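Residue numbers (the working numbering): 105 to 383. Glycine is no exception: its CB is placed at the ideal position from the N, C-alpha and C atoms. Nothing here was measured: the structure is a model prediction, and the numbers come from that model. Following: one structure in structure tokens, then a few remarks.
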């Protein structure tokens, strides 16, 4: 797998060289170190089923993945709910499928602080240090930015300082290790960490919960043919039926992929309109 190579935008079959690679981009909400092996296996599975090479492209931020899709540098991507809500309505991307995790098609953001902290609500974090994950992450930024907007505040005016970690895992660790006074993280990452590293969860506590939103979607660039999009959608929707792949999905805490439900992202779109209007 090549994590940096970006193939030509045209995915057509070349008689001389065979089918050009399908380019799958990721910016994982889970720890990249822990999750990359599972994304490799999903890419290999897609390659076998399509009888076509699949190149896995890893980027740090959701914005970078969005640029790849917009410029034809990636064909499909595991995307952020916030990034999809931010970019949907534009011509570059199309919703292909969404994840079901823990039996549900939605998740939340958890505001966390160290277990020993006296903070009991967001108001107690005024003037403190804070960790966000990504500017386009719903659970790692947008949800809290919206809450602050309703308080007539912004991250700049409310916190003493804040940083973007570009990983929910890093945000959680920053709080557990008392590097940051607080953070907002994906509820699914919290639950994943509870199973993998319970000692980190023991070092933190939840003091706030965001509204629910649709789980992270799989998106494709609109330039793909209708036939390719239909084939990929069918592949994702049936992926869990193969036992070996179901195990891989389980490693990412994904039960299965579901047909897209765009309305589950409407709440994020409304929040973004409010935050952008007053920014």
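*For residue 122 and residue 324, the rounded distance between their alpha carbons*: Each residue's Cα considered, the two are about 22 Å apart.
*Do the segment 180-200 and the segment 300-316 meet, that is, are 3 or more Cβ pairs less than 8 Å apart?*
These segments do not touch.
*Which residue comes first and which comes last in the alpha helix (DSSP H) that contains residue 128?*
No alpha helix (DSSP H) holds residue 128; the beta strand (DSSP E) holding it covers 126-130.
*Should residue 207 go down as buried or exposed, given a rule of 16 or more other Cβ atoms within 10 Å for buried?*
Residue 207 should be labelled exposed.
*Start-to-end residues for the beta strand (DSSP E) that takes in residue 267*: The continuous beta strand (DSSP E) containing residue 267 extends over residues 265-268.
*Which residues mark the beginning and the end of the alpha helix (DSSP H) in which residue 352 is found?*
Where residue 352 is concerned, the enclosing alpha helix (DSSP H) stretches over 347-355.
_Classification of residue 297 by the beta-carbon crowding that lies within 10 angstroms, buried from 16 upward_ = When all chains shown are included, residue 297 counts as buried.
_Other residues of its chain near residue 170: CB distance less than 7 Å, five sequence neighbours each side excluded_ = Contacts found: 187 and 191.
_Between residue 243 and residue 310, how many whole angstroms is the CB-CB distance? I'm expecting something under 8 Å._
Residue 310 and residue 243 do not touch by the CB rule: their CB atoms are close to 13 Å apart, not below 8 Å.
*At what residues does the beta strand (DSSP E) containing residue 208 begin and finish?*
Counted as a single uninterrupted DSSP element, the stretch harbouring residue 208 is not any beta strand (DSSP E), since DSSP gives it neither H nor E.
*Leaving out the 5 sequence neighbours to the left and right, which residues in its chain are closer than 7 Å to residue 277 when beta-carbon positions are compared?*
304.
*How many angstroms separate the CA atom of residue 252 from the CA atom of residue 151?*
Cα to Cα, the separation comes out at about 44 Å.
_Nearest by alpha-carbon distance to residue 225: which of 219, 231 and 215 is it?_
Considering only alpha carbons, the answer is 215.
_Spatial distance of residue 230 from residue 342 (CA atoms)_ = Looking at the backbone, the Cα of residue 230 and that of residue 342 are separated by about 47 Å.
*Leaving out five residues before and five after residue 291 in sequence, what residues of the same chain have Cβ atoms less than 6 Å from its Cβ?*
Same-chain partners within the cutoff: 211, 212 and 214.
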